[in-house]
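See below for the structure under consideration.
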Amino acid sequence: MKRNKLKTVFVGLTMTLLMSACASDGASTKESSTAKSTESSVEATSAASAQEYTDPSELKDEYDVVIVGAGGAGMAAALSAKDAGMNPVILEKMPIAGGNTLKSSGGMNASETKFQKEQGIEDSNQLFFDDTLKGGKGTNDQDLLHYLVDNSSDAIDWLDSMGITLDNISFSGGASVKRIHRPHDGAAVGTYLVDGLVRNVHEKEIPLFVNVDVKKINEKDGQVTGVTAEIDGKEKTISGKAVVVTTGGYGSNKEMIEEYRPDLKGYVSTNSEGSTGDGIKMIESLGGAVVDMDQIQVHPTVVQKTGMLISETVRGEGSILVNQQGERFYNELETRDNVSAAITALPEHYAYLVFDSALAERAKQVDFYKEQGVVIEGETIEELAGKIDVDAKTLESTLTTWNKAVKDQSDTAFKRETAMDYDLTKGPFYAIQIAPGIHHTMGGVKINTDTQVEKEDGSTIKGLYAAGEVTGGIHGQNRIGGNAVADIIIFGRQAGAQSAKFASEVK
Ligand SMILES: Cc1cc2nc3c(=O)[nH]c(=O)nc-3n(C[C@H](O)[C@H](O)[C@H](O)COP(=O)(O)OP(=O)(O)OC[C@H]3O[C@@H](n4cnc5c(N)ncnc54)[C@H](O)[C@@H]3O)c2cc1C
């Protein structure tokens, strides 16, 4: 396959592009996003692995399966549709592939995996199901959830078979055991995953076009026929026997956030610029149903100036949260909604993540946070306390009490039970000031376990499939960290298989 040599863009950008400021506005123009990305690409070349996209001149009028959106769900769908013998295409509106997937910083939840077994971690699909249902306050779509947990181990093997190995396992909030699977060195999952998926997409010669903004899903007699997209300001119709919508959520669309959750007006967002809810709107206009649209996850640890997420890995590896008085105030490993509410209830509405240099070595993301200038460092606890204007004696006493809790494996103050493997004793010590920000839109279009899009009456739209953050129901009222990456891989894969089956049967 010929690729565009002139417009080479970089997928494996440094964390600068991936996790940087994203208090973006859904109305941002494509020109501005292109310019920003190009600028970042240039900055990022040293750590970038060059990935090229398909030359625009190669875009055909017709494919078996048209996939809208090149995040994790879209690429998983494409790979599985190709494996099923179909000829898929991926259309991406931004100048690079990856979407929110590229930004994902923690990992992917899965149960009963070969890596858990090798590492002596006892887990079960039932426990994964129960933890998720508890986290979602019992409101999750249980059919989707069963499909997710039952196929999670296989998804880890599938990724591994493509050279995407997630064998470093840690805790995430709301999980009773170590379940979040990360790259071997503990690095952020997003860059590694997207790089690996794009590599496989290229190897399997699946065309992936960027700067193709899909505006409409076309339908005739109740069956989809393809899409209409805008390319270089011109409209083009691309036919497909099946369409898979993997356009992600709407965390960067301020109007939609305000429409569904007026109380979140003005919150910073951790999301990528392309997360503007396009797929939801296109599917709604075809009569597709939506669920849980007011369920928007606020993440507790976001740097307010830039919208940069501080990964749950930092808490999962053992950090604590302290208030401006230097005291712990809550179980840090509680679910995101509860931790966010506890921070918001503080008089200052912010808190500090406090950790030591041993943790910084285990959680590689910290190097990036240091580069971004958000990590405050003190050789001693006293020096750190001075820098964050906290009483030194109180902070020392908080850390002494915490380290004893780790030693005794008993947190009498806040009943934390997980992520207590390591104490915080090795200087230098660090603090990052954080507060909650918009992070994940849990609502979206309604699908069944075959990823078919459903209407209000339960009937399906023939040939239309959806997967990933564009869909709703699986997470219920609160998503457990690590479950979105599981969702996109497991249901993306399923969408590819089911759309391929449908396309192969269309006359
Ligand atoms: C900072 C951050 C960290 C996270 N960390 C984790 C984590 O560690 N673990 C976890 O489980 N989850 C995490 N999440 C959530 C998770 O990353 C996302 O929910 C998931 O990656 C969404 O994948 P997706 O494929 O559905 O959508 P995306 O990856 O967002 O991809 C959708 C793509 O569709 C494109 N698109 C949109 N509209 C159109 C259109 N009209 N035409 C063409 N293309 C279009 C977008 O530009 C985008 O590239 C994190 C999220 C963020 C923001």
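One point on numbering: in the numbering used here, the residue at position 380 of the sequence shown is 402, and numbering is uninterrupted.
C-beta: ideal position from N, C-alpha, C; glycine also.
Please read all numbers here as calculations on a predicted model, not as lab measurements.
Neighbourhood of residue i by C-beta distance below 7 Å, restricted to the same chain and skipping five residues each side
i: Leu421; result: Ile403 and Leu446
i: Thr1; result: Residue coverage of the chain in this structure runs from 23 to 529, which leaves residue 1 outside it and unanswerable.
i: Ala364; result: Phe351 and Tyr352
i: Asp316; result: Tyr282, Arg283 and Gly465
i: Glu356; result: Gly195
i: Thr269; result: Val90, Gly91, Asp300, Gly301 and Val492
Residue i in three-state terms, based on DSSP
i: Asp378; result: strand
i: His144; result: The sequence given here places Glu at residue 144; His does not occur at that position. Glu144 falls in the coil class under three-state DSSP.
i: Arg337; result: helix
i: Glu478; result: coil
i: Ser63; result: Because Ser63 carries a pLDDT of 27, less than 50, the predicted location of this residue cannot be relied on, and no value is offered for it.
i: Leu331; result: strand
i: Gly485; result: strand
i: His497; result: coil
i: Gly400; result: strand
i: Phe524; result: helix
i: Leu190; result: In the sequence as presented, Leu is not what sits at residue 190; that position holds Asn. Asn190 falls in the strand class under three-state DSSP.
i: Val290; result: coil
i: Leu446; result: coil
i: Gln347; result: coil
i: Val320; result: strand
i: Leu230; result: strand
i: Phe436; result: coil
i: Thr357; result: coil
i: Thr76; result: strand
i: Phe513; result: helix
Integer-rounded CB distance, given that residue j should sit under 8 Å from residue i
i: Gly514; j: Ala92; result: Not quite, the Cβ-Cβ distance comes to about 11 Å (not below 8 Å), so this is no contact.
i: Val249; j: Lys238; result: 6 Å
i: Val324; j: Thr292; result: 6 Å
i: Asp235; j: Lys115; result: 4 Å
i: Ile202; j: Met130; result: 7 Å
i: Ile318; j: Ile460; result: 6 Å
i: Lys226; j: Leu101; result: 6 Å
i: Pro229; j: Thr123; result: About 19 Å separates the two Cβ atoms, so there is no contact after all.
i: Ser146; j: Glu134; result: 6 Å
Heavy atom of ligand 1 within 7 Å of residue i beta-carbon
i: Ile332; result: no
i: Glu114; result: yes
i: Met130; result: yes
i: Glu530; result: No information on residue 530 is available, as it lies outside the stretch 23 to 529 that the chain covers here.
i: Thr292; result: yes
i: Asp145; result: no
i: Val507; result: yes
i: Cys269; result: Just to set this straight, residue 269 is Thr in the shown sequence, not Cys. Yes, since a heavy atom of ligand 1 falls inside the 7 Å radius drawn around the Cβ of Thr269.
i: Ile469; result: no
i: Lys125; result: yes
i: Val265; result: no
i: Thr447; result: no
i: His462; result: yes
i: Thr533; result: It is not possible to answer for residue 533, since the shown part of the chain is limited to 23 through 529.
i: Ala407; result: no
i: Ile511; result: no
i: Ala92; result: yes
i: Asp153; result: no
i: Gly504; result: yes
i: Gly96; result: yes
i: Tyr235; result: Per the sequence shown, the amino acid found at residue 235 is Asp instead of Tyr. Result yes, Cβ under 7 Å from ligand 1.
Per DSSP, cross-strand counterpart(s) of residue i
i: Ala251; result: Val236 and Lys258
i: Ala264; result: Val87
i: Ile456; result: Ala373
i: Gly466; result: Val313
i: Val325; result: Met330
i: Met130; result: His203
i: Glu241; result: Val246
i: Pro110; result: Val87
i: Phe151; result: According to DSSP, which records beta bridges pairwise, Phe151 is partnered with nothing at all.
i: Ile342; result: Val376
i: Phe451; result: Asp378 and Gly400
Same chain only: Cβ atoms within 8 Å of residue i, ignoring 5 sequence neighbours per side
i: Asn162; result: Thr154, Leu155, Gly495, Ile496, His497 and Gly498
i: Leu368; result: Asn345, Gln346 and Phe351
i: Asp411; result: Gln346
Neighbourhood of residue i by C-beta, 6 Å cutoff - its chain only, sequence neighbours within 5 removed
i: Val528; result: Lys263
i: Leu28; result: Because the pLDDT at Leu28 is just 28, under 50, the model does not fix this residue reliably, and the point stays unresolved.
i: Phe451; result: Asp378, Gly400, Ile403 and Leu406
i: Trp424; result: Ile342
Residue i: CB within 7 Å of a non-hydrogen atom of ligand 2
i: Asn122; result: Absence of ligand 2 from the depicted structure is noted, with ligand 1 being the only ligands included.
CB contact below 8 Å: residue i versus chain E
i: Leu446; result: Protein chains in the displayed structure number just one, and chain E is not present.
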